[in-house]
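Asker: Quick one: the structure is below, and I'll ask about it shortly.
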Amino acid sequence: MTKFHFSDEQNTVINTPAPRVYVPAHAGAGKTSTLCARIRRLLDRAVLPEQILAVSFSNKACNLILDRLRNGVPVQTFHAFGYHLIRAGTANNSGLKLVTPKASVKLLRLALKEYQDTCDQIHQKTGIGLRTLIGRKHLTSFFDRTHGSDEVMARLATDPNSGFKAYLPVLEELRLIRSAYDELLAAQGDIDYPGMLSRACELVPTAKLPYRYLFVDECQDMNAAQADLLVELAKRIPNVMVFGDPRQAVFGFMGSQHRDIPALLDGAVTLPLTKSFRLTHQTAATANAILRLDGQQPVIGNNHGSKPTLAKCVSAKVQENMLIRLIEGFKEARIPGSQIVILGRTKLQLRDAEQALRAAGYETSALYQPRMPEHTDRLLDLLDFIEQCAISAAKGNRPNRTWRANRLSTITGVTVEKPVMYDCLRKLLIAARVKSFDGRYIAATRIYLRMMRTTGEKATPIAIELGRWEAISRKFKTVPAFRAHIDFLRRQDPIVTSTIHGAKGGEWDHVIVLGVTEGSIPFFREMERGELDEERRLLYVAVTRARKQVHLFHAPFHHANSRQSFTDPSCFLTDEVKGTLRPQRIV
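When we follow the numbering used here, the leftmost residue of the sequence shown carries the number 294, and every step to the right adds one.
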C-alpha cells in the first residue's frame, strides 16, 4: 500500500464503509490496482482470505488480479465458480463432468427421440434435418453459442452472417429441444458450459458460502446468466463491490449487456474513477470525441503528449508501406517491439500486415494465436530433405522407400500407418520435382500437415503457424538463407498484433489501428443490423490502449468471404474527431 500514491477517488473506493458499491472506472483509471488495494485493506483489518471472493468475466482478467494479489484470495471466472459450487452441492461429485462436444451430440440425439414430431415440423419449415449427424452438430454448436440465453438465440438467428439464420422460424421448437437436452444432462449428473451458471443460481440460496465480501470485475461484459448469478450471490453476501466500464462493453455478440448495477444491487452507491493514469490529454480528447459524450463524464488524461495521427491511404498496399515506414521510425528511435501494438477489427487484416512486416524484416507476435516455432523448425528440416531428394533424382538414383519413410518419421516425430505414409511419399516425389522454392514450401506444408493430422493434434493452429512464412518464402532460393532470415526475426523483440477485442485490458506506448474504414470499423455486419454503438465503443477501446500515442490508418477494405469492398472513411471519423487528430505524413 505504501509503495503507491492513490488518488482521492481511489482512496474513497478503498476505504468506503458502504456495503454495496458500484465503481464505473474509465480506461486506464487504475481499476485493477484499486480493486486489489481494497482487498489488501480488508486483509489488514483481519478479514480472512477465504472470506473474500473475486469473480470476473474472463481468465485473462482473473489472472491479472491473481498476479497482483498473491495472498490466497480465491479469484475465479463466473463459470469456474459455478462449476465449483455445483461440485460442492453434488452428492457424488467425483462423477460430475463437463460434457465434451462429441458427448453433447450423442445426448442431443437422445433428446430428439422425445420430439420426433417437432423434428418433422422443423424440417418442413426450414429443410433442416436434425436426424442427421451434421444437423445435430450444427444445433449443438448453436446451443453452445447462445449460453442458454433466449436473447442471444434471437440475435444469432436474425444475423444473416452467423450461420444460424435458418433457425429463425423455429426458435420456439428449439427451446423445447434445449429443455429436453438440459433434463437429460441433469439426469446423468453432468453439465455443459451454459448449464454451469443456471444450475449454480439454483444452488446459491442453500449453499454453504463462507464469503463476507464479493468483488466483481469487468461487470460490463456480464451476460444475463452471469448477472442472475451476481444477484443471487448478493442476497447471501453482505458486502459487494462491482467494477466495470460501460464504455468498454464490446462483447454483445456473446450476449453481454451492461446493466444498471445500482438497481441490481438494491441501490448500491456509485463511486467513479474518472482520471486515466494511462492516457495523455490528447488521446483522451480523441477518445471523448469518438464516444460523443452528450453530457456524460469525460475521461480525463494524465499528462501532455502528442496528438493522435490519421494516415489516409489510397489502397491496402499503401497502408502496408506506410505501416512499415512507421515501424522503421519506431525502431530507429529504439522503441521496443513489445511496446508497439497493431490492432485490427479482423484477424485477416492483421495477418496481411504481419506478412508485410516479416517481409520487411520485422517480427510480430500475435495475441490471438500462440506461436508454435517447433513446427516451423521441422518444416525447414523437411524442406532440406526435399532438396536432397531432388538432388538424388537429378543424379538418376532410385528412391529408397523405406529410408525415406524413416526420414519423414524422424523429421516430423510422427509414426503413421502405411496408407498415410505411402500418400506422403507420393507427395514427396511431387515436391522434389517443383522448381520454385515457395512451391516446395507449399508442398512441404501439405506433407507435414498430412502427417500431423494422424496425431489427433488440431491441424488449424499448425497450418496458421506454417502459413505465416508462406508469402515470405518467395524471397528465397535456398533453405539456409530462409532459415537465417527466420533466425534473424526470432532474435528481435517482436511487435505485438491483436484484434481489438483481444487487446481489451492491455496497454502499450504506441497503438496502431488499421482499417478505420466503413465496413471494417464499424464492421459491415453491424452496419447492416444498425448496431453501431458497440462498434463505436470498440474504436474507443482501441484508442485508449495507448500510453503515448495513437496512430489511425484509413484504407480501402475488402472482406473476402462476403466479397464486399469498402472505401469510405469510418463514420466515426467525424469533424469533431478529426479536430483532435493530425495528418500522418511518413517519408
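A virtual CB, placed ideally from N, CA and C, is assigned to each residue, including glycine.
#1: Along the chain, which unbroken stretches of the alpha helix (DSSP H) at least 4 residues long are found entirely within the region 666-746?
#2: Below 8 Å on the Cβ atoms is my guess for Arg627 versus Arg840; work out the distance and round it to an integer in Å.
#3: If we call anything under 8 Å between Cβ atoms a contact, is Ala850 one with Thr810?
#4: Give the range of the beta strand (DSSP E) segment to which Leu496 is assigned.
#5: Where Thr892 and Leu461 are concerned, what is the direct C-alpha to C-alpha distance, given to the nearest angstrom?
#6: Just to confirm my understanding: we take Asp669, look at its own chain, exclude 5 residues before and 5 after, and list those with CB closer than 8 Å. What are they?
#7: Going by DSSP in three states, Leu461 sits in which element: helix, strand or coil?
#8: I'd like to know whether the C-beta atoms of Leu426 and Leu432 end up nearer to each other than 8 Å.
#9: Three or more C-beta pairs under 8 Å: does that hold for the region 690-700 against the region 708-721?
#10: Quick one: grab the DSSP three-state call for Ile757.
#11: If you check the beta carbons only, do Ala724 and Leu742 fall under 8 Å apart?
#12: So Asn532 and Leu507 are supposed to be a Cβ contact under 8 Å. How far apart are they, rounded?
#13: Suppose you measure from the CA of Val497 to the CA of Leu558; what does that come to, to the nearest Å?
#14: Could you round the C-beta distance between Ser863 and Ile788 to whole angstroms and report it? I think they count as a contact, below 8 Å.
#15: What do you reckon, are the CB atoms on Leu672 and Thr738 nearer than 8 Å?
#16: Count the other CB atoms within 10 Å of the CB of Phe436; is the residue buried (16 or more) or exposed (fewer)?
#17: Assuming Leu660 and Ser791 make a contact with CB atoms under 8 Å, what is their CB distance in whole Å?
#18: Does the count of Cβ pairs from the region 535-543 and the region 507-519 closer than 8 Å reach three?
#19: With which residues is Phe846 paired in a DSSP beta bridge?
#20: Going by Cα to Cα distance, which pick from Asn356, Arg402, Ala493 and Val316 is closest to Asp553?
#21: Ignore the nearest five residues each way along the sequence and tell me which others in Ile835's own chain have a CB closer than 6 Å to its CB.
#22: Of all the options His319, Asp861 and Cys412, which has the alpha carbon lying nearest to the alpha carbon of Gln589?
#23: Counting C-beta neighbours from all protein chains within 10 Å, is the total for Ala520 16 or more, i.e. buried, or is it exposed?
#24: Leaving out the 5 sequence neighbours to the left and right, which residues in its chain are closer than 7 Å to Glu828 when beta-carbon positions are compared?
#25: For Gln857, which beta-bridge partners are listed by DSSP?
#26: Less than 7 Å between C-beta atoms, sequence neighbours within five positions excluded: which residues of the same chain meet that for Lys797?
#27: Is the region 763-772 touching the region 612-619 in the sense that three or more CB pairs, one from each, lie closer than 8 Å?
#28: Please confirm if Pro692 has its CB atom under 8 Å from at least one CB of chain C.
#29: Gln369 by DSSP, collapsed to three states: which one?
#30: Judging by CA-CA distance, which residue of Arg471, Asp483, Leu335 and Gly812 is the nearest neighbour of Glu407?
#31: Helix or strand or just coil, what does DSSP make of Tyr376?
#32: Between Val898 and Ala848, how many whole angstroms is the CB-CB distance? I'm expecting something under 8 Å.
#33: Shortest alpha-carbon distance to Lys568 belongs to which of Pro555, Asn581, Thr748 and Ile593?
#34: Could you spell out the range, first to last residue, of the alpha helix (DSSP H) harbouring His794?
#35: Mind pulling the beta strand (DSSP E) runs of 3 or more residues that sit fully within the region 762-823?
#36: Taking Lys430 as the reference, give the member of Gln409, Gln417, Gly456 and Lys418 with the closest Cα.
Answerer: On the basis of the coordinates in this document:
#1: Fully enclosed alpha helix (DSSP H) runs of 4 or longer: 666-687, 694-705, 711-726 and 730-745.
#2: About 16 Å; that fails the 8 Å criterion.
#3: Note that residue 850 is Phe in the sequence shown here, rather than Ala. The answer is yes: Cβ separation under 8 Å.
#4: Segment Gly488 to Leu496 is the alpha helix (DSSP H) holding Leu496; no beta strand (DSSP E) there.
#5: It is not possible to answer for residue 892, since the shown part of the chain is limited to 294 through 880.
#6: Inspection of the sequence shows that residue 669 is occupied by Thr rather than by Asp. Sequence-distant partners of Thr669 (beyond 5 residues in either direction) whose C-beta falls short of 8 Å from its own C-beta, in its chain, are Glu758, Leu759, Trp762 and Ile779.
#7: Helix at Leu461.
#8: Contact: no.
#9: Contact holds between the region 690-700 and the region 708-721, because three or more Cβ pairs, one in each stretch, are under 8 Å apart.
#10: Helix at Ile757.
#11: Going by C-beta atoms, Ala724 is not nearer than 8 Å to Leu742.
#12: Right, the Cβ-Cβ distance comes to about 7 Å (below 8 Å), so this counts as a contact.
#13: Taking the straight line joining both Cα atoms gives about 16 Å.
#14: Not really, about 23 Å apart at Cβ, beyond 8 Å.
#15: The answer is yes: Cβ separation under 8 Å.
#16: Phe436 should be labelled buried.
#17: Rounded, the Cβ-Cβ distance is 4 Å, consistent with contact.
#18: Below 8 Å, enough C-beta pairs join the region 535-543 and the region 507-519 to call them touching: three or more.
#19: According to DSSP, Phe846 bridges with Ala604.
#20: Ranking the options by Cα distance to Asp553, first place goes to Val316.
#21: Per the sequence shown, residue 835 should be read as Ala rather than Ile. Listed in chain order, the non-local C-beta contacts of Ala835 below 6 Å within the same chain comprise Leu636, Ile793 and Val806, local neighbours out to five positions each way being set aside.
#22: Closest by alpha carbon: His319.
#23: Ala520 comes out buried.
#24: Only residues of its own chain outside the window of five on either side were considered, and among them Ile814, Pro815, Phe816 and Glu819 have a CB closer than 7 Å to the CB of Glu828, listed in chain order.
#25: In the DSSP assignment, the residues bridged to Gln857 are His852.
#26: Result list for Lys797: Gln541, Val543 and Val834, in chain order.
#27: No, the region 612-619 does not touch the region 763-772.
#28: You won't find chain C in this structure, because it holds only one protein chain.
#29: In this structure, Gln369 counts as strand in the three-state DSSP scheme.
#30: The residue with the shortest Cα to Cα distance from Glu407 is Arg471.
#31: Look at Tyr376 here: in three-state DSSP terms it is helix.
#32: The structure shown does not extend to residue 898, since the chain spans only 294 to 880, so no value can be given for it.
#33: Comparing alpha-carbon positions, the option among Pro555, Asn581, Thr748 and Ile593 lying closest to Lys568 turns out to be Ile593.
#34: Per DSSP, His794 belongs to the alpha helix (DSSP H) from Ile793 to Ala796.
#35: Counting whole runs of 3 or more residues, the region 762-823 contains the beta strand (DSSP E) stretches 788-792 and 801-806.
#36: Looking at the Cα atoms, Gly456 is the closest of the given residues.
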